[in-house]
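> Here the protein sequences line up with chains S and F, keeping their order.
According to the numbering used here, the residues represented by the first sequence are 37 to 140, in order.
According to the numbering used here, the residues represented by the second sequence are 37 to 140, in order.
Where a beta carbon is used, it is the ideal one built from N, C-alpha and C, also for glycine.
None of the values given here were measured: they were computed from a predicted structure.
2 protein chains.
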Amino acid sequence: MKDLVEYRADILKALAQPTRLKIIDFLRDGERCVCEIFPAINEEQSNTSRHLNMMLSAGVLSRRKDGLKIYYAIKHPELIEVLDIVTNVVKQDIHGRHSLLKAA
Amino acid sequence: MKDLVEYRADILKALAQPTRLKIIDFLRDGERCVCEIFPAINEEQSNTSRHLNMMLSAGVLSRRKDGLKIYYAIKHPELIEVLDIVTNVVKQDIHGRHSLLKAA
DNA sequence: AGCCTATATGATTATATAGTCATATATCAG
DNA sequence: CTGATATATGACTATATAATCATATAGGCT
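Shown next as structure tokens:
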């Protein structure tokens, strides 16, 4: 049986990957179907599907079925705040690093 | 060269692991030396050291040397807020799950 | 029924990660 | 200098992860 620390790690792990971050960024404005998501982030359909399912089981996304299409959405809006905070931390921190940013 | 998405993923990854979460929880009240940290979280010294260094390179912790001892601290207090938000999300979410919590 | 579209999944591969044990390095005390 | 303490690191193992290609499943259309 998982304890609280493990559940917290699961949520954070679900956010902690570039492809998944791109997905969540794309879902900021509301739910989208898989067929919209994978072209938007420029990833394979199957890879996108795996990441979506992973985030669903972690409790980060919710899923709605409508005919052939499956719509995913961010389940807890607070997580958007989490990403915003992390973005700010990175931006503060980036000045103390040797390497430069590719794009903002 | 890393882009913003990758830096964000690095920070989140640094938080997304049970042993590291325990370390950060222990550092909430301020800096601690390695010799205090690893007994507190009940991990090997070498493993603890690796996690500390990992979080240092990710920009999550800062390090201060004082004689023989090395003190680590949470670098960005905002990250404590991040963990608190995630904890709340988990607590909300836990009700919709099949398994029960071991401890809070 | 047969065909299309949307999504998920099995099998595989390459790479990353967490942990352990032994050892190296650094600083201090005497 | 010697010995003790604190921290870091090399080498290794076991496990997890991300990605890909091919295929399966499911819903809708004619």
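If contact is defined by three or more beta carbon pairs under 8 Å, each pair taking one atom from either stretch, is the region 59-66 of chain S in contact with the region 101-120 of chain S?
yes
> If V122/S sits next to I47/F, beta carbons under 8 Å apart, how far is it from one beta carbon to the other, in whole angstroms?
5 Å
> So, with DSSP's three-state summary, where would you put R99/F?
strand
> My understanding is that K49/F touches A52/S, with C-beta atoms under 8 Å, so please give their C-beta distance in whole angstroms.
4 Å
> Please classify K58/S as buried or exposed, where buried requires at least 16 other C-beta atoms within 10 Å of its C-beta.
Flag for K58/S reads buried.
> I need the straight-line Cα distance from L92/F to K101/S, nearest angstrom please.
43 Å
> Taking all protein chains shown into account, do 16 or more other C-beta atoms lie within 10 angstroms of the C-beta of V126/S, making it buried, or fewer, making it exposed?
Flag for V126/S reads buried.
> Select from P54/S, E114/S and C71/S the residue whose C-alpha is nearest the C-alpha of L104/S.
Answer by Cα proximity: C71/S.
> Does chain F have any CB closer than 8 Å to the CB of V70/S?
no
> Looking at the structure shown, is R68/S part of a helix, part of a strand, or coil, going by DSSP?
strand
> Can you name, in chain order, every residue of its own chain whose Cβ lies under 6 Å from the Cβ of L88/F, other than the five neighbours on each side?
Annotation for L88/F: Y108 place their beta carbon closer than 6 Å to its own, counting only its chain and skipping 5 residues before and after.
> By DSSP, does A52/S sit in helix, in strand, or in coil?
coil
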